[in-house]
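**Q** Let me begin by handing over the structure; questions about it come next.
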Amino acid sequence: MLEFGPIILRALEKEDVKTLHKWNNDYIVTLYSRGSPFEFKNMLVMEEEIEKNLKDKKKTFLAIEIKKENRLIGTANYEEDRWGGILSSDLGTMLGEKDCWNKGYGKLVTLGLCELLFFWKNFDRLSAWSIEYNKRAHRVLEQIGFVREGIIRKCSFTSGKYWDWYAFGYLKGEYLSKREKILQKILKNYYPGYLKSIPEEMRSYT
Ligand SMILES: CC(C)(COP(=O)(O)OP(=O)(O)OC[C@H]1O[C@@H](n2cnc3c(N)ncnc32)[C@H](O)[C@@H]1OP(=O)(O)O)[C@@H](O)C(=O)NCCC(=O)NCCS
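Start counting at 1 in the sequence shown, then tack on 288, and there's your number in our numbering.
Take a look at the structure:
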């Protein structure tokens, strides 16, 4: 479990399936998260999906909670990929509770994942994909330091038209060079507490 400012990233459990079912049938959430709304996922399919995913040792599925309220608000996931001789991962982030959008949680989650995978684990590169109209997600990724690296043209269709997907990437060296500044900017008054939670001998790494 990673405590990161006001949020917690913990292992997603089979018992979370009811909430996932709700979010996967919310057309606004899936319009943004996948660019494909109205998939009508029934509970049986959701249960099979979650069981298969949670058993896959290369994939990690996390639940995002607001610590103070003990409230599950979303999920995040990553997957070990050793293609090209480096360790990399695509990131997935979804805040299923729409009343939590635009309150800074997306930036915290994205930064928490960078901290987890670049600082605590030895990932070399992270990628994220987002549909062209998901301006909120693009803003979050760019604020955390991801670079827009390319466009996959007209690879998705919804609401009467074709859409591009944007590919974002972040390298470990890029993150570590700005880590302190970005942690301070996003964690704000939680920054000293987060630093204190790290054993002293681990704090200096340069
Ligand atoms: C995308 C998502 C993770 C972002 O999380 P969030 O908590 O809403 O985002 P934050 O509040 O941290 O930041 C949102 C930023 O986008 C900006 N923003 C919001 N709507 C915007 C728009 N239409 N155009 C441009 N910027 C916008 C906000 O002003 C804020 O920027 P700021 O920090 O400079 O003020 C979350 O909304 C979500 O999960 N959405 C549904 C699923 C999804 O889209 N997943 C991502 C798939 S790549």
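Built from N, CA and C at the ideal position, the CB exists for glycine as well.
Would you give the residue range spanned by the alpha helix (DSSP H) that residue 331 belongs to?
**A** Start and end: 331-343.
**Q** With 16 as the cutoff for other CB atoms within 10 Å, does residue 315 come out buried or exposed?
**A** So residue 315 counts as exposed.
**Q** From residue 379 to residue 365, what distance separates their C-alpha atoms?
**A** Cα to Cα, the separation comes out at about 6 angstroms.
**Q** Should residue 375 and residue 410 be called a contact, given that it needs their Cβ atoms to be closer than 8 angstroms?
**A** The answer is yes: Cβ separation under 8 angstroms.
**Q** Looking at the secondary structure, which residues open and close the beta strand (DSSP E) in which residue 449 lies?
**A** Start and end: 449-459.
**Q** Consider the C-beta atom of residue 394 and the heavy atoms of ligand 1; say whether any pair is separated by less than 7 angstroms.
**A** The answer is yes for residue 394.
**Q** For the beta strand (DSSP E) that residue 399 lies in, which residues bound it at each end?
**A** Per DSSP, residue 399 belongs to no beta strand (DSSP E); it is in the alpha helix (DSSP H), 393-402.
**Q** Taking the straight line between their C-alpha atoms, what separation do you get for residue 426 and residue 321?
**A** About 12 angstroms.
**Q** Run through DSSP, which three-state label would residue 328 get?
**A** Coil at residue 328, not helix or strand.
**Q** Which whole-angstrom value is the C-beta distance of residue 418 and residue 389, which I expect to be below 8 angstroms?
**A** Residue 418 to residue 389, Cβ: 15 angstroms. No contact.
**Q** So what does DSSP say about residue 312, is it helix, strand or coil?
**A** Note: residue 312 maps to helix in three-state DSSP.
**Q** Measure from the alpha carbon of residue 362 to the alpha carbon of each residue in 371, 416, 381 and 373, then state which is nearest.
**A** The shortest Cα separation from residue 362 among 371, 416, 381 and 373 belongs to 381.
**Q** Is any heavy atom in ligand 1 found nearer than 7 angstroms to the beta carbon of residue 381?
**A** Result yes, Cβ under 7 angstroms from ligand 1.
**Q** What I want to know is whether the C-beta of residue 438 ends up closer than 7 angstroms to one or more non-hydrogen atoms of ligand 1.
**A** It does not: the Cβ of residue 438 is nowhere closer than 7 angstroms to a heavy atom of ligand 1.
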